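Working notes, beginning with the structure itself.
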RNA sequence: GACCCCAUCGUCUAGCCCGGCCUAGGACAAAGCCCUUUCAAGGCUUGAACGCGGGUUCGAAUCCCGCUGGGGUCGCCA
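Numbering (my numbering), first residue to last: 100 to 602.
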């Protein structure tokens with residue numbers, strides 16, 4: 100690697116279209132982008148949709164839209180093409196199969212016929228004994244011919260990577276130096292699934308090589324599977340890229356950022372009125388600094404100053420409060436006309452207003468009633484204090500209401516059909532399953548989502564709010580309810596002086 | 001549990017690589033004061049950190065080791 104002419108820098112962001120566009124994706128994209136631009140290289144977008152059961156075209160669209168919104172434009176990608184396409188892994192199946200053939204021919208991979216049940220049992224036993232947990236290698240010893248016969252007979256199988264059984268695998272991480280793993284501690288990773296699609300490990304390595312990726316800049320959660328990737332590169336005889344594992348964004352409790360504890364969808368940030376340049380700046384301060392006493396900088400400034408030497412490895416806690424403060428600074432710096440433009444783009448577009456009209460047209464007598472009737476469509480978080488009493492239906496204690504709100508939020512998240520009819524069906528089913536009167540639950544949802552007792556029809560309202568805002572508000576409402584005093588079980592004893600619970 | 005990574009104010013971080021300039025700097029948050037018809041904004045002030053123990057050294061936040069703590073991974077998900 101010392102004398103070869105350095106390859107032109109090329110990096111990628113490789114999201115999986117299995118859900119909402121994630122802040123973590125924007126975070127990693129930002130560092131890839133900054134590094135690429137700083138180095139005069141290319142930044143590409145590749146869609147990793149090899150999970151056929153969870154990938155959706157809608158999610159892919161949402162990810163592209165969100166990445167456009169934050170303003171990180173890629174040089175090659177599924178929508179704009181490029182010299183190394185296709186940029187969607189589902190369209191590259193033949194490439195992966197061909198590469199797996201090579202590995203098999205070289206004895207670097209083998210067929211495995213083990214059932215999910217057996218694997219489960221093996222893992223269970225290994226865990227019980229406190230051993231290293233991974234494939235026990237049963238099929239690795241089978242003669243190749245046997246595998247061929249069984250495969251030909253139609254028996255389902257996967258293909259696994261034959262990891263070296265002794266020695267250690269050492270690779271260099273740009274931020275950590277040498278990282279060392281015992282080969283014996285590494286699993287024989289599945290490369291090709293029963294359905295013929297590759298797993299991340301195979302597809303990712305093959306594509307990174309074929310697409311000329313020079314630096315793999317990704318989240319730290321990948322660090323422990325990197326040795327498998329290294330073995331793959333070596334098995335193919337390919338030059339290793341440089342690995343850069345960025346620290347993980349964290350919840351307040353330091354765990355990996357998650358949607359149960361934080362708004363995690365980029366759509367939330369857009370809908371809640373964050374400016375993309377502020378978000379980017381904030382993400383740029385997560386594990387990176389431009390200088391000792393400076394934290395406000397534009398994308399261009401970040402690119403100019405960019406270096407991995409300025410990355411700090413402690414996992415940064417993602418703090419909405421600080422993001423908001425930074426957003427405020429950006430907002431104040433805009434001139435009036437620009438603020439108007441931002442507002443238009445945000446919620447005051449014809450399109451958005453138009454969507455609200457059917458909800459209010461029968462309910463307003465004069466134009467001036469539009470704003471009071473729809474105000475909660477134009478705010479991010481809402482204040483529950485005025486409806487505190489109503490949030491605790493008769494006979495309910497704070498905990499069950501909070502849990503109900505939270506649980507419904509999760510059900511909402513798992514629910515694909517975000518239409519009024521779909522949501523109503525979901526809510527009715529939820530009420531039945533969880534011991535709520537529909538009437539009672541519907542009011543709770545209304546209050547949680549809007550902090551109002553009277554609104555346009557509930558489910559149309561939720562649709563208008565969108566999944567992210569709805570979820571966020573239900574969670575906020577749950578937190579609010581949790582802090583409410585429990586109602587006295589019995590009518591208060593007459594001796595008890597009236598305690599004024601002033602907040 | 002096994003393996004890997006990490007460790008400066010509550011939070012984001014500067015300083016650490018190349019030990020002395022650090023009685024550890026900035027920002028968010030908090031508290032107080034000022035300004036002010038209100039609310040913001042703004043100004044000023046305060047409290048707040050080198051996890052612990054051993055080394056190395058004249059000298060350690062900075063280098064080394066151990067401990068502790070936190071995190072990640074251990075899926076036919078990525």
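Beta carbons: idealized from backbone N, C-alpha and C, even for Gly. The structure presented is a predicted model; accordingly, all values stated were derived computationally and were not measured.
Query - Rounded distance between the beta-carbons of residue 116 and residue 155, thought under 8 angstroms - result: With 8 angstroms as the limit, residue 155 and residue 116 qualify as a contact, their Cβ atoms being about 6 angstroms apart.
**Report entry** Beta-carbon proximity list for residue 308, same chain, < 6 angstroms, skipping 5 on both sides
**Finding:** Hits under 6 angstroms: 337.
Query raised in the report: Any idea what DSSP makes of residue 592, helix, strand or coil?
Result: At residue 592 the pLDDT is 42, less than 50, meaning the model places this residue with poor confidence; the figure from the coordinates comes in the next sentence. In the structure shown, residue 592 sits in coil (DSSP, three-state: anything other than H, G, I, E or B).
Requested in this report: Quick one: using the 10 Å Cβ neighbour count with 16 as the cut-off for buried, is residue 188 buried or exposed?
Outcome: It counts as buried.
Requested in this report: Find the nearest neighbour of residue 398 within the set 125, 113, 346 and 312, judged by alpha-carbon distance.
Outcome: Cα-wise, what sits closest to residue 398 is 125.
Query raised in the report: Which of the three DSSP states, helix, strand or coil, is assigned to residue 176?
Result: Reduced to three states, the DSSP call for residue 176 is strand.
**Report entry** Exposure of residue 528, with buried meaning 16 or more beta-carbon neighbours within 10 Å
**Finding:** Classified as exposed, residue 528 has fewer than 16 neighbouring CB atoms from the shown chains inside 10 Å of its CB.
**Report entry** Opposing strand residues paired with residue 314 [DSSP bridges]
**Finding:** Answer is 341.
Query - Rounded Cβ spacing between residue 475 and residue 371 (contact assumed at less than 8 angstroms) - result: The pair is not a contact, with the Cβ atoms about 13 angstroms apart (cut-off 8 angstroms).
Query raised in the report: Between residue 546 and residue 557, which are expected to be in contact by the criterion C-beta below 8 angstroms, what is the C-beta distance as a whole number of angstroms?
Result: About 10 angstroms separates the CB atoms of residue 546 and residue 557; that is not less than 8 angstroms, and the two are not in contact.
Query raised in the report: Can you give the Cα-Cα distance for residue 519 and residue 484, rounded to whole angstroms?
Result: When rounded, the distance between both Cα atoms is 27 angstroms.
Requested in this report: Output the distance between the C-alpha atoms of residue 571 and residue 423, rounded to the nearest integer angstrom.
Outcome: Looking at the two C-alpha atoms, the distance is approximately 16 angstroms.
Requested in this report: Would you mind sorting residue 421 into buried or exposed? The rule is 16 or more other CB atoms within 10 Å of its CB.
Outcome: It is exposed - the Cβ of residue 421 has fewer than 16 other Cβ atoms within 10 Å.
Query raised in the report: If we count the other Cβ atoms within 10 Å of its Cβ and call it buried at 16 or more, is residue 548 buried or exposed?
Result: So residue 548 counts as buried.
Requested in this report: Determine the extent of the alpha helix (DSSP H) in which residue 136 is found, giving its start and end residues.
Outcome: It spans 122-137 - the alpha helix (DSSP H) in which residue 136 sits, taken as one unbroken run.
Requested in this report: Provide the residue(s) that pair with residue 269 in DSSP beta bridges, ordered along the chain.
Outcome: Residue 269 pairs with 279.
**Report entry** Coil, strand or helix - residue 355 by DSSP
**Finding:** If DSSP states are grouped into helix, strand and coil, residue 355 belongs with the strands.
Report task. Name the one or two DSSP bridge partners that residue 144 has. Result -> Per the DSSP secondary-structure output, residue 144 pairs in a beta bridge with 112.
Report task. Go ahead and label residue 176 buried or exposed: buried means 16 or more other beta carbons lie within 10 angstroms of its beta carbon, across all protein chains shown. Result -> Flag for residue 176 reads buried.
Requested in this report: Jot down the residue ranges of each uninterrupted alpha helix (DSSP H) in the stretch 219-266, minimum 4 residues, whole runs only, in chain order.
Outcome: Whole alpha helix (DSSP H) segments, 4+ residues: 243-251.
Query raised in the report: How about residue 407 and residue 273: are their beta carbons less than 7 angstroms apart?
Result: A contact, by the Cβ cut-off of 7 angstroms.
Requested in this report: Compare the C-alpha of residue 283 against each of 267, 293 and 292 and name the closest.
Outcome: It is 267 whose Cα lies nearest to the Cα of residue 283.
Query raised in the report: Cα separation between residue 243 and residue 212?
Result: Residue 243 and residue 212 have their C-alpha atoms roughly 12 angstroms apart.
**Report entry** Near the ligand HEM: residue 219 beta-carbon under 6 angstroms from a heavy atom
**Finding:** Of the ligands one can find in the structure shown there are none, so the ligand HEM has no counterpart to examine.
Query raised in the report: What does a CB cutoff of less than 7 angstroms around residue 321 pick up in its chain, not counting 5 residues either side in sequence?
Result: Apart from the 5 residues on each side of it in sequence, residue 321 sits with its Cβ closer than 7 angstroms to the Cβ of 344 in its chain, given in chain order.
Report task. Can you check DSSP and say which residues form a bridge with residue 387? Result -> Residue pairing from DSSP places residue 387 in a beta bridge opposite 410.
Query raised in the report: Residues in its own chain within less than 6 angstroms of residue 355 by CB, not counting five upstream and five downstream?
Result: Within the same chain, residue 355 has close Cβ partners 347.
Requested in this report: Look at residue 389 and residue 137 and say whether their C-beta atoms are less than 7 angstroms apart.
Outcome: No. Outside cutoff.
Query raised in the report: Rounded C-beta distance between residue 414 and residue 129? I'm assuming under 8 angstroms.
Result: Contact doesn't hold; Cβ gap of about 16 angstroms is too wide.
Report task. Look at the Cβ atom of residue 241, then the Cβ atom of residue 232, and state whether they are nearer than 7 angstroms. Result -> In terms of Cβ geometry, residue 241 and residue 232 do not form a close pair [threshold 7 angstroms].
Query - Supposed close pair residue 504, residue 577 - CB separation, criterion 8 angstroms - result: With a Cβ gap of about 4 angstroms, residue 504 and residue 577 count as contacting.
Report task. Quick one: residues in its chain with C-beta nearer than 8 angstroms to the C-beta of residue 601, no 5 flanking neighbours on either side, listed in chain order? Result -> No answer about residue 601 holds up, because its pLDDT of 37 lies below 50 and its placement is not dependable.
Query raised in the report: Can you list, in chain order, the residues of its chain whose CB lies under 7 angstroms from that of residue 302, leaving out five sequence neighbours each side?
Result: The beta carbon of residue 302 is closer than 7 angstroms to those of 147, 149, 188 and 195 in its chain, skipping five residues each way along the sequence.
Report task. Would you mind working out which of 405, 472, 358 and 538 sits nearest residue 493, comparing C-alpha positions? Result -> Taking only the C-alpha atoms, the option nearest residue 493 is 538.
Query raised in the report: So, are the CB atoms of residue 446 and residue 517 less than 7 angstroms apart?
Result: Taking 7 angstroms as the Cβ cut-off, residue 446 and residue 517 do not qualify as a contacting pair.
Query raised in the report: Thinking just about the alpha-carbon of each residue, which of 216, 162, 316 and 467 is nearest to the one in residue 410?
Result: Ranking the options by Cα distance to residue 410, first place goes to 316.
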